[in-house]
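Student: With the first letter of the sequence shown counted as 1, position 133 gets the number 133 in the working numbering; the numbers rise by one all the way through. Beta carbons are placed, not taken as given, at the ideal position from N, Cα and C, and that holds for glycine. What you are looking at is a predicted structure, and each value in this text was computed from that prediction instead of being measured.
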Amino acid sequence: MNQPKIKRDPEGTRRRILLAAAEEFAAGGLFGARVDQIARRAETNERMLYYYFGSKEQLFTAVLEHALAALVEAERTLELDGIAPIEAMTRLAHFVWDYYRDHPELLRLINNENLHEARYIKGSNRIRELISPIVATLTAILDRGQKAGLFRTDVDPLKFYVTLSGLGYYIVSNRFTLEASFGLDFSEPNQREQMVRMNTELLLAYLTRR
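1. Which of the three DSSP states is assigned to A93 in this structure?
2. If you pair each beta-carbon of the segment 116-128 with each one of the segment 60-80, do three or more pairs fall below 8 Å?
3. Taking C-alpha atoms, which residue in E113, I86, R47 and R144 lies nearest to D36?
4. Apart from the five residues on each side of it in sequence, which residues of its chain come closer than 8 Å, Cβ to Cβ, to L68?
5. By DSSP, does I83 sit in helix, in strand, or in coil?
6. Given that a residue counts as buried once 16 or more other Cβ atoms are within 10 Å of its Cβ, and exposed if not, what is Q194?
7. What did DSSP end up calling D98 once you bin it into helix, strand or coil?
8. Please confirm whether N112 and F53 have their CB atoms less than 8 Å apart.
9. Which first and last residues belong to the alpha helix (DSSP H) in which A136 is found?
10. Is it buried or exposed for R108, if we count other Cβ within 10 angstroms and need 16 for buried?
11. Tell me whether S187 sits in a helix, a strand or coil according to DSSP, three-state version.
12. Could you round the C-beta distance between P133 and V72 to whole angstroms and report it? I think they count as a contact, below 8 Å.
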């Protein structure tokens, strides 16, 4: 009697490994994550993990790439071309800050990569390509605002993006120590709303200062 053939799903297996690894790396970092636990979460085996990704380090790089690609894909859903420059910049900033709030695992992965002095990001050409679309969106908004006489003309787009990103990054990545040290719980909606309002005013005050 013929046995039923097992349906193979290489893309599905690869995706399950990536998602399982993201959880493990976000929780324990590169060194704390266990390959056997990743395989178990992904409902596969270690052999398949190495087949698709080569090594634990290569899997970590792939997880970083996947996490940043998800950010870029989410950013592409924004429609800012027809929006007035100040409102467009505000929407972009709020999108980035909200994304960090909703995806703290991304920040934990980046924090862990900083412990490795960006060794794995440096080895990935794809990650540098992934950051470019967001900076390009910001650059286009800056250009429109400058042509309209609304924004100062000496803004470095990349450095401005770093500043914009940092304003949202800090209160998420440091939320536990901020609460323990200062009693400020930025996961509480009212506290977060106040900080978003302040950070928005800081960004726009810099942009519109002549």
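Tutor: Based on what the coordinates show:
1. Assigned with DSSP and collapsed to three states, A93 falls in helix.
2. Verdict: yes, contact present.
3. For the set E113, I86, R47 and R144, the Cα lying nearest the Cα of D36 is the one of R47.
4. Excluding positions up to five away in sequence, the list reads L106, I127, L130 and I131.
5. In the structure shown, I83 sits in coil (DSSP, three-state: anything other than H, G, I, E or B).
6. Using a 10 angstroms sphere on the CB of Q194, the tally of other CB atoms stays under 16, which defines it as exposed.
7. Note: D98 maps to helix in three-state DSSP.
8. 8 Å or more divides the Cβ of N112 from the Cβ of F53.
9. It spans N125 to K147 - the alpha helix (DSSP H) in which A136 sits, taken as one unbroken run.
10. It is buried - the Cβ of R108 has at least 16 other Cβ atoms within 10 Å.
11. In this structure, S187 counts as coil in the three-state DSSP scheme.
12. P133 to V72, Cβ: 5 Å. Contact.
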